[in-house]
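Working notes, beginning with the structure itself.
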Amino acid sequence: MRLYHVRKSRSERITWLCEEIGVPIEIINVDMRNQPSELQALNPSHTVPVLVDGDHAISESIAALIYIAALHSPTSLSIGPGESGYADYLQFMVLGEAGLLAPLDALIRTTFKAPEGEKENFTTRAIIDKLKRRAKILDQKLQHSDYLAANRFTAADISVAFAVGVAINMLGLKDIYPDSVIAHYERMAARSAFQKTCTR
Ligand SMILES: N[C@@H](CCC(=O)N[C@@H](CS)C(=O)NCC(=O)O)C(=O)O
Numbered sequence: 002m003r004l005y006h007v008r009k010s011r012s013e014r015i016t017w018l019c020e021e022i023g024v025p026i027e028i029i030n031v032d033m034r035n036q037p038s039e040l041q042a043l044n045p046s047h048t049v050p051v052l053v054d055g056d057h058a059i060s061e062s063i064a065a066l067i068y069i070a071a072l073h074s075p076t077s078l079s080i081g082p083g084e085s086g087y088a089d090y091l092q093f094m095v096l097g098e099a100g101l102l103a104p105l106d107a108l109i110r111t112t113f114k115a116p117e118g119e120k121e122n123f124t125t126r127a128i129i130d131k132l133k134r135r136a137k138i139l140d141q142k143l144q145h146s147d148y149l150a151a152n153r154f155t156a157a158d159i160s161v162a163f164a165v166g167v168a169i170n171m172l173g174l175k176d177i178y179p180d181s182v183i184a185h186y187e188r189m190a191a192r193s194a195f196q197k198t199c200t201r
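See below:
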């Protein structure tokens, strides 16, 4: 498997998982604004990451997590149907991207690219309101467990912690999250596999 990788992008979800489960992966560092033509052909939307395995190219970070975890099953980092925690696992895997990180894209663009005076507007306030409500789903779970599914560390924690990290570190949105969510993020970010991932 090879991974077209940009540091501090969603690609770190994948390098983090690989580090945790000891899966070797070829990392091809790319310049976001000057992507190699082979990568543009693999992913016409020009987003990263892109995971390539043989003839398959996956350009959704959560799909890549599920794919790698399934190929290296059994691993304690994934939860299968029939295991308790499966519903939570799916819920938080998807929430991490669809509910928490995808909405941040518009905030990031507006924060860094909008003209002065237009950085805060109806849309950015609506997104922040939505994020606060979704954080309540995390809080509900994290009030009773250190982890999001099955009381153990899984790829669902990676999915969510990465998204919360972007909100905190890139956008300074720490105050929109309940203490339980911040504490979860800090526990996840302290893991040695995550620390190694940040330097790749
Ligand atoms: N849902 C996709 C989103 C991919 C994505 O938007 N990646 C960002 C970097 S983290 C990107 O390439 N942004 C540039 C763009 O949208 O053109 C995933 O989870 O991988």
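Residue 27 in the working numbering sits at position 26 of the sequence shown, with consecutive numbering throughout.
Think of the CB as a built atom: it goes at the ideal place given N, C-alpha and C, for glycine as much as any other residue.
Query raised in the report: Any idea which residues DSSP pairs Glu27 with across the strands?
Result: Arg3
Self-check item: For His6 and Ser79, the rounded distance between their alpha carbons
Solution: 23 angstroms
Can you find the residues in the same chain that come closer than 8 angstroms, C-beta to C-beta, to Leu11, ignoring five residues on each side of it along the sequence?
The sequence given here places Arg at residue 11; Leu does not occur at that position. Closer than 8 angstroms at Cβ, skipping near neighbours: Val49, Pro50, Ser62, Glu98, Leu102 and Phe163.
> Cβ of Ser10 versus every heavy atom of ligand 1: is any distance shorter than 7 angstroms?
Replying inline: yes
Excluding five sequence neighbours on each side, which residues of the same chain lie with their C-beta closer than 7 angstroms to the C-beta of Ala194? Trp17, Glu20 and Glu21
**Report entry** Glu13, buried or exposed, once every other Cβ within 10 Å from all chains shown has been counted against 16
**Finding:** buried
Proximity of Ser60 and Asn35 at Cβ, strictly below 8 angstroms
no
Among the candidates Ile109, His47, Asp158 and Ala127, whose CA atom is the shortest distance from the CA of Leu91? Asp158
**Prompt:** Looking at the structure shown, is Arg192 part of a helix, part of a strand, or coil, going by DSSP?
**Reply:** coil
message = Does Ala150 pass the burial test, meaning 16 or more other C-beta atoms within 10 Å, or should it be called exposed?
response = buried
Assigned exposure category for Lys142 - 16 Cβ within 10 Å defines buried:
buried
| Per DSSP, what kind of secondary structure is Asp54 in: helix, strand or coil? | strand
**Asked** At a cut-off of 7 angstroms, is Asp54 close to ligand 1 when judged by its beta-carbon and the heavy atoms of the ligand?
**Response** no
task = Go ahead and label Met33 buried or exposed: buried means 16 or more other beta carbons lie within 10 angstroms of its beta carbon, across all protein chains shown.
result = exposed
Buried or exposed (CB count within 10 angstroms, at least 16 for buried), Ile29 | exposed
Which same chain residues end up closer than 8 angstroms to Arg8 when comparing Cβ atoms and leaving out the 5 residues on each side of it in sequence? Asn30, Cys199 and Arg201
Grouping DSSP H, G and I as helix and E and B as strand, with all else coil, what is Ile80? coil
(request) Report yes or no: do three or more beta-carbon pairs, one from the segment 175-189 and one from the segment 127-147, lie closer than 8 angstroms? (result) yes
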